[in-house]
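Encoded as structure tokens, the structure appears first; notes follow it.
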Amino acid sequence: MTRVLAWGAFLGGCLFFLLPLIGMTEFSLKMRRGEYSFDAYRRVFEDQRFWDTFGYSLILAGATIVVGVLLVVPTAYWVRLKLPQARPVIEFITLLPLVIPAIVIVFGYIRLYNTSSVLPLTGSALGTDILLTMGYVTLALPYMYRAVDTGLRTIDVATLTEAAQSLGAGWITILARIILPNVLVAVLSGAFLTLAIVIGEFTMAALLNRPAFGPFMQLLGANRAYEPPALAVIAFAITWGCMGLIQLVTRFSKHERAKA
Amino acid sequence: MRRPVRWRLPLEWLGILPFVAFALLFLILPTMKIVIGAFQTSDGSFTLQNLIDLNTDSIRNAYWTSIKLSLITAFLGCAVGFAMAASVVFGGLPRRLRGPLLTFSGVASNFAGVPLAFAFIATLGPAGLVTLWLKTEFGINLRAYGFNLLSFWGLVVTYLFFQIPLMILIIIPALDGLKREWREAAAVLGATGAQYWRMVALPILFPSLLGTFALLFANAFGAVATAFALTGPQLNIVPIKLFAQIRGDVLGNPNLGYALAFGMIVITGLANVTYIVLRTRSERWLK
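As you go down the protein sequences, you meet chains C and P in turn. Our numbering applies: residue 1 is where the first sequence begins, and numbers increase by one. Our numbering applies: residue 1001 is where the second sequence begins, and numbers increase by one.
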């Protein structure tokens, strides 16, 4: 009886998740009347705006990951090593982006960094790009910090630091050559998750008026019929790819440890 | 090497200076700007008028629709997610299903926003796969039954696609935390399966269930992209209203926009405070 119910719940849920995936795939292939074809995908890939916006979002994701790692790894390390009393405060701050909706944060940016303010970041394209990157770092902060902090928990930070110091290493060397390699798996997991979040992000990019992939998809969705589901398939593949890479690096590290 | 010093500058704190500066510049000050703006008139003096002005039919309606949407998707997300998680953990399903379910949940909970709206339009929209299939095979016209994807219930169904997986991701570790010994101890004392669930398992899980509910609520309440790509600017929910306000001051009063955003912070803030409090309570048991 329990087993029947269990299978029912599981298969029913699977059906709900599979239908939209089948639906979007099928719809994306229907552009040519009467037969399945990849025309919609060809159209998407022929569109220069697709490559421009996708490239832009990819660069932004890269910048977000670099800034995020440079910000989170030293902070999490330092808090574990020297400032355990600051831990609750830092953790609280890293959870704030889950509490404050992204749209509110970007609203604050627009009003705080407008052209008549002390730091008129929205006045230039580069300034707005920087602002958008910082916005994405903020969005990724809860995931990035948690991943890195969990990674640090598995290594003996204090002993490693003392050992490195007695061999004459400075802080930069310790961070770059001792700590970072040890939490690399956590950092990579956080990085791929960040990529998945940033690549199709809509709200911040649209409100800051930057030519990112999310607003491009929305624009295409409002004007075309067959290209949007093709984009959805592509976006799903990207998300799946990011999650697959996370699993891959995690499994790889387990393997390495087992051998050691 | 260390000389005994009575008092030193707390130099350790310098180590988190970059982080604190970042948090101030890109998280705390922008939010403060909104919160303070909600209590200011256009010339900068203190007022409660903005919050009072929120009390119009259209804005009240938007908040109510948003709260309803978030409550319903959070509730259904919790219920379905719990059923699926429980079926894999206790239901006697092959253990091989568990890994793929977790991986898929990780993907689906991140597959939100614009593409998700496209996927549902292709499935349940006017020319969608399921809509056409029901019409040609069974003669069921979804529209005639009052279902429209570009409406409140359409949004509920679409949001469930990321709400259920989020629930699965959070609740499976909690279900794993239920110790086998507790069930055996209950059985030794003569409890039935239903009694074990009612008197042992659910009270222990209750904080994490309610906590996840709060997280799902906030998750749906702040979502913009999915709703915007699905219905455009028409649907009257708070995030869409705020989006239009930021783009073009549709309310005709910038400070009213601050108040609208402030209302969102208060509501998601309350939901998340509940989550954090209940989570710390549940973790005491599930170690």
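Where is the CB? At the ideal position from N, CA and C, for every residue including glycine. None of the values given here were measured: they were computed from a predicted structure.
Presumed contact (8 Å Cβ cut-off) between residue i and residue j, rounded CB distance
i	j	result
G190 of chain C	M144 of chain C	4 Å
L1027 of chain P	I105 of chain C	7 Å
P101 of chain C	M1167 of chain P	With a Cβ gap of about 20 Å, P101 of chain C and M1167 of chain P do not count as contacting.
P229 of chain C	A1083 of chain P	Contact doesn't hold; Cβ gap of about 29 Å is too wide.
A140 of chain C	G68 of chain C	6 Å
A6 of chain C	G1091 of chain P	2 Å
L1129 of chain P	G8 of chain C	Wrong, their Cβ atoms sit about 23 Å apart, outside the cutoff.
N1061 of chain P	L98 of chain C	Incorrect: roughly 27 Å between the Cβ atoms, too far for contact.
F236 of chain C	L21 of chain C	7 Å
For residue j and residue i, the rounded distance between their alpha carbons
i	j	result
A1085 of chain P	W1182 of chain P	19 Å
I1164 of chain P	L1011 of chain P	46 Å
V1238 of chain P	F16 of chain C	27 Å
V26 of chain C	A1122 of chain P	In the sequence as presented, Val is not what sits at residue 26 of chain C; that position holds Glu. Distance between the alpha carbons of E26 of chain C and A1122 of chain P is about 8 Å.
L1116 of chain P	Y1159 of chain P	9 Å
L231 of chain C	F213 of chain C	10 Å
T949 of chain P	L1251 of chain P	An answer regarding residue 949 of chain P cannot be provided, because it is not within the stretch 1001 to 1287 covered by chain P.
L1017 of chain P	G1037 of chain P	27 Å
F1138 of chain P	L1124 of chain P	15 Å
A61 of chain C	L245 of chain C	16 Å
Q1195 of chain P	L1178 of chain P	15 Å
W240 of chain C	V1107 of chain P	6 Å
L1169 of chain P	N1110 of chain P	12 Å
G1231 of chain P	F1217 of chain P	According to the sequence shown, residue 1231 of chain P is Thr rather than Gly. Roughly 20 Å separates the two Cα atoms.
L1202 of chain P	I1059 of chain P	38 Å
L1048 of chain P	T2 of chain C	56 Å
V1089 of chain P	T250 of chain C	23 Å
T161 of chain C	L1101 of chain P	40 Å
L112 of chain C	L121 of chain C	9 Å
A196 of chain C	S28 of chain C	22 Å
V1114 of chain P	L1235 of chain P	16 Å
L188 of chain C	M243 of chain C	11 Å
L1097 of chain P	L1175 of chain P	16 Å
V44 of chain C	V72 of chain C	37 Å
R80 of chain C	A86 of chain C	9 Å
A164 of chain C	Y109 of chain C	41 Å
Y136 of chain C	F1039 of chain P	28 Å
L1270 of chain P	V1156 of chain P	22 Å
V118 of chain C	A1021 of chain P	16 Å
D149 of chain C	A222 of chain C	42 Å
S1042 of chain P	C1078 of chain P	43 Å
V4 of chain C	I1172 of chain P	20 Å
L132 of chain C	L208 of chain C	7 Å
L1045 of chain P	P1254 of chain P	For the record, residue 1045 of chain P in the displayed sequence is Ser; it is not Leu. Spanning the two alpha carbons is a distance of roughly 14 Å.
Beta-carbon neighbours of residue i, restricted to chain P and to distances below 8 Å
i	result
E46 of chain C	Those do not exist, as E46 of chain C stays about 19 Å from chain P at its closest Cβ, beyond 8 Å.
Y109 of chain C	F1026 and P1030
W7 of chain C	S1087, G1091 and L1093
V249 of chain C	What V249 of chain C touches in chain P: nothing, since even the nearest Cβ is about 14 Å away.
Q218 of chain C	V1114, A1225, F1228 and A1229
L132 of chain C	The premise fails here: L132 of chain C is roughly 11 Å from chain P at the closest Cβ pair, so nothing lies under 8 Å.
L21 of chain C	A1119
Residues sharing a beta bridge with residue i, DSSP
i	result
F1046 of chain P	P:Q1040
Residues that residue i contacts on chain C, provided the C-beta gap is smaller than 8 Å
i	result
E1012 of chain P	W78, K82 and L83
I1016 of chain P	T75, W78, V79, L83, A86 and I90
I1140 of chain P	Near I1140 of chain P there are no residues of chain C at all, since even the closest Cβ is about 15 Å away, more than 8 Å.
N1272 of chain P	L95, L98 and V99
Neighbouring residues, chain C, relative to residue i (Cβ below 9 Å)
i	result
A1218 of chain P	L98, V99 and P101
L1205 of chain P	Residues of chain C passing the Cβ test: none, with the nearest at roughly 17 Å.
Contacts that residue i makes with chain C (C-beta to C-beta distance below 7 Å)
i	result
A1023 of chain P	I93
K1033 of chain P	G108, R111 and L112
Residue i: contacting residues in chain P (beta-carbon distance under 7 Å)
i	result
T138 of chain C	F1026 and L1027
E26 of chain C	L1129
R3 of chain C	G1091 and G1092
A196 of chain C	N1110
Worksheet item: Taking three-plus beta-carbon pairs below 8 Å as touching, is the segment 1056 to 1073 of chain P in contact with the segment 1139 to 1156 of chain P?
Response: yes
Discussion item. Does the contact criterion of 3 or more C-beta pairs under 8 Å hold for the segment 1206 to 1214 of chain P versus the segment 1180 to 1195 of chain P?
Written reply: no
Fill in: Validate contact between the segment 1223 to 1241 of chain P and the segment 210 to 225 of chain C using beta carbons, cut 8 Å, 3 pairs
yes
Discussion item. If contact is defined by three or more beta carbon pairs under 8 Å, each pair taking one atom from either stretch, is the segment 1070 to 1083 of chain P in contact with the segment 194 to 203 of chain C?
Written reply: no
Worksheet entry | Cβ contact (3+ pairs, closer than 8 Å) linking the segment 1239 to 1248 of chain P and the segment 1258 to 1277 of chain P | yes
Worksheet item: Below 8 Å, can you find three or more Cβ-Cβ pairs linking the segment 172 to 185 of chain C to the segment 39 to 46 of chain C?
Response: no
Item to complete: Evaluate the contact criterion for the segment 1041 to 1058 of chain P versus the segment 126 to 133 of chain C: three or more CB pairs, one atom per stretch, below 8 Å.
Response: no
Worksheet item: Can we say the segment 177 to 187 of chain C touches the segment 145 to 160 of chain C, given the rule of at least three CB pairs closer than 8 Å?
Response: yes
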